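**Q**
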Amino acid sequence: MYKRYTMEVSQPSLAQFNLEITNPEELLMVLNHLQNEPFMVNEDHLAYINDNRVELVNAGLLLPYELSRCSLSTLRASLRKAYDKNQEVKSVTTFQTLLSTLSKHLSQAYQQDQILTIATLFKGYTLYLPAFMDFRGRIYHRSKDLHGNDLTRSLLLFATSYIPKYSTDDYSFPHLDEEEEVQRSQSTTTPNKEETKATKHHLDAKGIIEVLLKQAACNYKRWSNMDAALTWMKSKLVDFKSADQKTSKDRDRSYLEKPYLSSSDLDQPENKEDILFLGSDQPETVSVSSTQQHILELVKGARQPFLFLSFLRPLMIGGSLLAHRTACIPIYQDASASAYQLLAYFTLNEKIATRTNLIRGLTLNKESFTEGSNDIQDIYEYYKDGFKRYLYHKLNQEMYNLIEPNLTRKLVKSIFMPMIYGKSMFSVGVSIKEESSLGQIFPKKDCIHLAKDIKNYWSQDNQIGYLLMKLLSNIGWLCSIQNKKLFYSNKYYRTIQDYKKSEVRNKEQRLGINASNCFPLVVEERSSISLPCRGWSPNYILKPGQVTRQVPLAPILPLV
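Residues in the sequence shown are numbered consecutively from 2, following our numbering.
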């Protein structure tokens, strides 16, 4: 196991943080299964990006290629000279703010260029992504900035489809012409065992397409109701169909208007021309340029534009194997505030369970629950509205009017999510100052006061959760004072932490297990394996591409 896996350690210190894997066979079996899932590059999506790179840059979805070849040191002097000459710009912003923005754009342009270059190099290859496990035992695939990177996610496909090419579902047959249909009906060949198993345990073609339509809508924006998301996505596809009709009068309707053609539709004379269109993966009658502007306008407003585009184009094109192609597109869905879900489990709190969708079909009215709709709840929207009401009654109107427009869901999530991991209010105030628009309005001292208001509101609204976090902090204190180690155990591993011995403070949150050799992996027979691991802090959530930093969970110095 030591040869097959390495634990990522930025600055290893066994005296400070250690991990015992007490059940290596089962743990690594899960890792091996995940790492044996083959992926491939979405070549069609990559070709579209490369062919339309200028249009994507003009739409603001990509940064110019030239920026990826520039360095900040060479542009700094030019930026300074231009800034000093422009008094209007000087009255609005500072040079340091402009320099920071330029640095981010240069880094983003370089990252985008590297992602597209790597994707081009791996075209035609089968990829196996190594996995890592975070400090809560969750296991993820790992690739170059896969997590949180919209462009990278959109370029990955599963290399295998779990829908048999010829299933017994009628929705798999719209691509067949009359002669092939007759041959199929007269054929006595039965599906093999693998095809039968796939048909039994997985969605049919229609179900796959409906799932993809819903996911495409979710990539565009957040939805509280999936039926509404499905209706919206279908309406957008019909809009594209209407735009196509202006340049393609030969077709009366297409897949976009009626996505699910059964084999009975093949017998209808009016559908012959449409069936021929569906059988063509690249229909000549469709003018891509006529709808290009409409596509880019829609994609520009998407929450995850490249993922939305990777779903949208196959659904627009249709074709003979639409379900099989779209079944290979990965679906990225995170848990609904999983840390708060765990808190609801620990405290048996029905309010938090409802707001994090652990309990569905209930509506929370003040202190009682009633039967309601099956809408998706958003706990961060709840906290945003609740904190605004709290500030409205606490602050004067002028101060409230300054803060309220800047309290976005994104900011509220960046505050309330780390709080449940134990992030201190001082660190919350620093984050507000450095990472939000409020930091441009208020000084650091006022941002820290705002963080204290956040703590007071959260402790009142979620008192039992607040007390639980204080209890965990006190446990760390107690172990530190008694010079004892703190153990967190589960079925598969045990973490060993020493809060008193803290020679190294600059550590990452994430502990990772990376595969260094080929698959399959061999596990050595040991009853217990101790490995150094990357230190983690529940107080800090690492962001993609951000420099590692940490705020200690519990005070390092003993009580006096």
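No residue lacks a Cβ here, since even glycine has one placed at the ideal position from N, Cα and C. In this text, all values refer to a predicted model and were calculated from it rather than measured experimentally.
Tell me which same chain residues have a C-beta within less than 7 Å of the C-beta of residue 221, skipping the five on either side of it?
**A** The residue given as residue 221 occupies position 220 in the sequence shown. Result list for residue 221: 303, 304, 309, in chain order.
**Q** Taking the continuous beta strand (DSSP E) assigned at residue 74, which residues delimit it?
**A** For the purposes of this step, residue 74 is taken as residue 73 along the sequence shown, with counting starting at 1. From DSSP, residue 74 is part of no beta strand (DSSP E) but of the alpha helix (DSSP H) over 73-86.
**Q** Pull up the DSSP beta-bridge partners for residue 19, would you.
**A** Residue 19 sits at position 18 when you count from the first residue of the sequence shown. Looking at the DSSP assignment, residue 19 forms a beta bridge with 497.
**Q** For residue 273, does the count of other Cβ atoms within 10 angstroms reach 16, so buried, or fall short, so exposed?
**A** Against the sequence shown, residue 273 aligns to sequence position 272. Residue confidence for residue 273 is low, a pLDDT of 33 falling below 50, so the modelled location carries little weight and cannot support an answer.
**Q** Tell me where the alpha helix (DSSP H) around residue 120 begins and ends.
**A** Taking the sequence shown and counting its residues from 1, the one referred to as residue 120 is at position 119. Its alpha helix (DSSP H) spans residues 96-122.
**Q** The alpha helix (DSSP H) spanning residue 568 covers which residue range?
**A** The structure shown does not extend to residue 568, since the chain spans only 2 to 561, so no value can be given for it.
**Q** Can you give me the C-alpha to C-alpha distance between residue 67 and residue 77, rounded to a whole angstrom?
**A** Reading the sequence shown from its first residue, position 66 is the one you call residue 67. Reading the sequence shown from its first residue, position 76 is the one you call residue 77. Distance between the alpha carbons of residue 67 and residue 77 is about 16 Å.
**Q** Mind checking who residue 39 pairs with in its DSSP beta bridge?
**A** For the purposes of this step, residue 39 is taken as the residue at position 38 of the sequence shown. DSSP lists 129 as partners of residue 39.
**Q** So what does DSSP say about residue 159, is it helix, strand or coil?
**A** As a position in the sequence shown, residue 159 is number 158, starting the count at 1. Looking at residue 159 - three-state DSSP - the assignment turns out to be strand.
**Q** Can you tell which of 116, 451, 37, 486 has the C-alpha that lies nearest to the C-alpha of residue 428?
**A** Here residue 428 refers to the residue found at position 427 when the sequence shown is read from its first residue. Comparing Cα positions, the closest option is 451.
**Q** Buried or exposed, going by whether 16 or more other CB atoms sit within 10 Å of the CB of residue 394?
**A** Within the sequence shown, residue 394 is the residue found at index 393, counting from 1. By the neighbour-count rule (16 or more Cβ atoms within 10 Å), residue 394 is not buried but exposed.
**Q** When you compare only the Cα positions, how much space is there between residue 414 and residue 459?
**A** Within the sequence shown, numbered from 1, the residue matching residue 414 stands at position 413. Within the sequence shown, numbered from 1, the residue matching residue 459 stands at position 458. Going from the Cα of residue 414 to the Cα of residue 459 covers about 13 Å.
**Q** Just reading off the alpha helix (DSSP H) that residue 1 is part of, what are its end residues?
**A** Any answer about residue 1 is impossible in this case: the structure gives the chain only from 2 up to 561.
**Q** Might you give, ordered along the chain, the residues of its own chain that have their beta carbon closer than 6 Å to the beta carbon of residue 434, omitting 5 neighbours on each side?
**A** Stepping through the sequence shown from its first residue, residue 434 is reached at position 433. Cβ neighbours of residue 434 beyond the five flanking positions: 440, 445, 448.
**Q** Would you say the beta carbon of residue 361 is closer than 6 Å to some non-hydrogen atom of the ligand HEM?
**A** Of ligands this structure carries none, so the ligand HEM is not represented either.
**Q** Terminal residues of the continuous beta strand (DSSP E) containing residue 490?
**A** On the sequence shown, residue 490 is found 489 positions in, with the first residue counted as 1. Where residue 490 is concerned, the enclosing beta strand (DSSP E) stretches over 487-490.
**Q** Tell me, to the nearest whole angstrom, how far the beta carbon of residue 486 is from that of residue 497; I am working on the premise that it is less than 8 Å.
**A** Residue mapping note: residue 486 aligns to position 485 of the sequence shown, counting from 1. Residue mapping note: residue 497 aligns to position 496 of the sequence shown, counting from 1. 5 Å between Cβ atoms; contact.
**Q** Below 8 Å, can you find three or more Cβ-Cβ pairs linking the region 487-496 to the region 19-28?
**A** Output reads yes: the region 19-28 touches the region 487-496.
**Q** Between the Cα of residue 476 and those of 437, 443, 442, 423, spot the shortest distance and give me the residue it belongs to.
**A** What you label residue 476 is simply residue 475 of the sequence shown in a count that begins at 1. Among 437, 443, 442, 423, the Cα nearest to that of residue 476 belongs to 423.
**Q** How would you call residue 213, buried or exposed, if buried means at least 16 neighbouring beta carbons within 10 angstroms?
**A** In the sequence shown, counting from the first residue as 1, residue 213 sits at position 212. So residue 213 ends up on the buried side.
**Q** Quick one: give me the first and last residue of the alpha helix (DSSP H) that residue 380 is part of.
**A** Walking along the sequence shown from the start, residue 380 turns up at place 379. 380-395 is the span of the alpha helix (DSSP H), which, as asked, contains residue 380.
**Q** Going by the CB atoms, is the gap between residue 114 and residue 640 shorter than 7 Å?
**A** The question about residue 640 has no answer, for the chain in this structure spans 2 to 561.
**Q** Please confirm if the region 87-97 is in contact with the region 123-132, defined as three or more CB-CB distances below 8 Å between the two stretches.
**A** Verdict: no, contact absent.
**Q** With a threshold of 8 Å on Cβ separation, who are the neighbours of residue 54 within its own chain once the five nearest residues in sequence on each side are excluded?
**A** Start at 1 with the first residue of the sequence shown, and residue 54 comes out as number 53. Taken in chain order, the residues that qualify are 63, 66.
**Q** Since residue 331 and residue 157 are thought to touch, with beta carbons under 8 Å apart, how far apart are those beta carbons, to the nearest angstrom?
**A** Walking along the sequence shown from the start, residue 331 turns up at place 330. Walking along the sequence shown from the start, residue 157 turns up at place 156. Yes, residue 331 and residue 157 are in contact; Cβ-Cβ is about 6 Å, under 8 Å.
**Q** Please name the residue or residues paired with residue 426 in a DSSP beta bridge.
**A** What you label residue 426 is simply residue 425 of the sequence shown in a count that begins at 1. Answer is none; residue 426 lacks a bridge partner.
**Q** By the 10 Å Cβ neighbour count, where 16 or more other Cβ atoms means buried, how is residue 488 classified, buried or exposed?
**A** Counting from one through the sequence shown, the residue named residue 488 turns up at place 487. Exposed, since its Cβ has fewer than 16 Cβ neighbours within 10 Å.
**Q** Relative to the C-alpha of residue 334, which residue among 421, 215, 388, 240 is closest?
**A** Counting from one through the sequence shown, the residue named residue 334 turns up at place 333. Per the Cα distances, 215.
**Q** Spatial neighbours of residue 436 within its chain, please: CB distance less than 8 Å, with the 5 preceding and 5 following residues excluded, ordered by chain position.
**A** Here residue 436 corresponds to residue number 435 of the sequence shown, with the count starting at 1. Contacts found: 415.
**Q** Does the distance from the CB of residue 127 to the CB of residue 234 come in under 7 Å?
**A** Within the sequence shown, residue 127 is the residue found at index 126, counting from 1. Within the sequence shown, residue 234 is the residue found at index 233, counting from 1. The answer is no: Cβ separation not under 7 Å.
**Q** Taking all protein chains shown into account, decide if residue 509 is buried (16 or more other Cβ within 10 angstroms of its Cβ) or exposed.
**A** Position 508 of the sequence shown, counted from the first residue, corresponds to residue 509. The predicted position of residue 509 is uncertain, since its pLDDT is 39 and thus under 50; no value can be drawn from it.
**Q** Could you check whether residue 359 and residue 342 sit closer than 7 Å to each other, using their CB atoms as the reference points?
**A** The residue labelled residue 342 in the question sits at position 341 within the sequence shown. The residue labelled residue 359 in the question sits at position 358 within the sequence shown. Yes; because the gap between Cβ atoms is below 7 Å, this pair is in contact.
**Q** From what residue to what residue does the alpha helix (DSSP H) around residue 416 run?
**A** Translated into the one-based positions of the sequence shown, residue 416 becomes position 415. Where residue 416 is concerned, the enclosing alpha helix (DSSP H) stretches over 410-420.
**Q** Is it the case that the Cβ atoms of residue 405 and residue 385 are separated by a distance below 7 Å?
**A** Locating residue 405 in the sequence shown gives position 404, counting from the first residue. Locating residue 385 in the sequence shown gives position 384, counting from the first residue. No, they are not a contact pair.
**Q** Between the beta-carbon of residue 438 and the beta-carbon of residue 397, is there less than 7 Å?
**A** Stepping through the sequence shown from its first residue, residue 438 is reached at position 437. Stepping through the sequence shown from its first residue, residue 397 is reached at position 396. No; because the gap between Cβ atoms is not below 7 Å, this pair is not in contact.
**Q** Grab me the residues of residue 348's own chain with a C-beta within less than 8 Å of its C-beta, minus the 5 sequence neighbours each way, in chain order.
**A** Translated into the one-based positions of the sequence shown, residue 348 becomes position 347. Hits under 8 Å: 465, 466, 469.
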